[in-house]
Ligand SMILES: [Mn+2]
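Next comes the structure, spelled out in structure tokens:
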């Protein structure tokens, strides 16, 4: 390893040598192997029909996992907070229907047990990256964890959060770059793609990129998704909605199913150009 060094106190998340890489398995899907894992679905689970329509569309386009929020931590308390347990039930119905494993957010230590009953991957959202009781709790969980980078977290703070989960005994941690706060107002966040090759130098954990929250604008999602794969990401997590103008959250950054299908058609060539595949 050359030049870039992280704190020696980050013991479990740090990379020991070039061959030190972790592959997280979700059923027969591997994250961190040769294939790029694409996770797609709505920001929020809104209804059975909405979720099923989107789940079938993303499956048909080649997504490997389904995302969807049932517990939604929103900036304001007046915004849609999610369908909660009903949303989890709908996600597991969608998994039965499509075979796609489910990635969904958990927002409190008390609800980890409940979410674990339904989900295949537990997502820790950006706003909870430094919720240490929650990190400790998912460290005891029996499911992989997708750990989003906090809005203003340095890479070492992010790896410190991963360290909590690893130290709790859960080795299946997937890092997710989703954009950080800078001074620009025209994008929602600044997607830090340099973090991807940097993480590949310093940690063995797989890295996925969220070009939806990272940009906030539908038109920017596909270009940044391609760039993420080119930068060495092990996967993508993309918001897709069948009626984005009616979405209860994040419609402006949600791809329509046909946009998502077109993106999937482009990604194979990008993946091959960096020695990977879809
Ligand atoms: Mn969202």
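Residue numbers (our numbering): 29 to 306. For every residue, glycine included, the Cβ atom is placed at its ideal position computed from N, Cα and C. Every value quoted in this text rests on a predicted model; they were computed, and no experiment measured them.
Close Cβ partners of residue i (< 6 Å) along its chain, the five nearest in sequence each way excluded
{"i": "residue 37", "result": "none"}
{"i": "residue 280", "result": "none"}
{"i": "residue 148", "result": "54, 129, 130"}
{"i": "residue 83", "result": "94, 122, 126"}
{"i": "residue 165", "result": "137, 140"}
{"i": "residue 162", "result": "137, 156"}
{"i": "residue 272", "result": "279, 282"}
{"i": "residue 237", "result": "205, 256, 261, 264"}
{"i": "residue 191", "result": "38, 40, 41"}
Enclosing beta strand (DSSP E) for residue i [first to last residue]
{"i": "residue 174", "result": "173-176"}
{"i": "residue 246", "result": "Note, residue 246: premise wrong, no beta strand (DSSP E); alpha helix (DSSP H) at 246-258."}
{"i": "residue 265", "result": "263-267"}
{"i": "residue 132", "result": "130-133"}
{"i": "residue 202", "result": "201-205"}
{"i": "residue 94", "result": "93-95"}
{"i": "residue 68", "result": "65-69"}
Where residue i sits in the DSSP three-state scheme
{"i": "residue 157", "result": "coil"}
{"i": "residue 77", "result": "helix"}
{"i": "residue 379", "result": "With the chain covering 29 to 306 only, the question about residue 379 has no answer from this structure."}
{"i": "residue 221", "result": "coil"}
{"i": "residue 58", "result": "strand"}
{"i": "residue 235", "result": "strand"}
{"i": "residue 240", "result": "coil"}
{"i": "residue 170", "result": "coil"}
{"i": "residue 275", "result": "coil"}
{"i": "residue 208", "result": "strand"}
{"i": "residue 165", "result": "helix"}
Whole-angstrom distance between residue j and residue i, CA atom to CA atom
{"i": "residue 260", "j": "residue 295", "result": "12 Å"}
{"i": "residue 258", "j": "residue 300", "result": "9 Å"}
{"i": "residue 239", "j": "residue 269", "result": "15 Å"}
{"i": "residue 134", "j": "residue 99", "result": "7 Å"}
{"i": "residue 230", "j": "residue 118", "result": "38 Å"}
{"i": "residue 108", "j": "residue 198", "result": "31 Å"}
{"i": "residue 298", "j": "residue 254", "result": "7 Å"}
{"i": "residue 153", "j": "residue 243", "result": "16 Å"}
{"i": "residue 179", "j": "residue 293", "result": "31 Å"}
{"i": "residue 303", "j": "residue 234", "result": "16 Å"}
{"i": "residue 195", "j": "residue 168", "result": "9 Å"}
{"i": "residue 285", "j": "residue 106", "result": "29 Å"}
{"i": "residue 43", "j": "residue 232", "result": "5 Å"}
{"i": "residue 79", "j": "residue 68", "result": "11 Å"}
{"i": "residue 159", "j": "residue 193", "result": "11 Å"}
Local Cβ density within 10 Å of residue i, reported as buried at 16 or more and exposed below that
{"i": "residue 48", "result": "exposed"}
{"i": "residue 213", "result": "exposed"}
{"i": "residue 187", "result": "buried"}
{"i": "residue 33", "result": "exposed"}
{"i": "residue 174", "result": "buried"}
Endpoints, the alpha helix (DSSP H) within which residue i is located
{"i": "residue 290", "result": "285-301"}
{"i": "residue 122", "result": "113-126"}
{"i": "residue 90", "result": "First-last for residue 90: undefined, no H or E at that position."}
{"i": "residue 188", "result": "183-195"}
{"i": "residue 141", "result": "140-146"}
Neighbourhood of residue i by C-beta distance below 7 Å, restricted to the same chain and skipping five residues each side
{"i": "residue 143", "result": "116, 132, 134, 150"}
{"i": "residue 97", "result": "71, 72, 73, 110, 132, 133"}
{"i": "residue 223", "result": "183, 205"}
{"i": "residue 181", "result": "157"}
Nonlocal neighbours in the same chain, by C-beta distance under 8 Å from residue i, ignoring five residues either side
{"i": "residue 305", "result": "62, 63, 64, 296, 299"}
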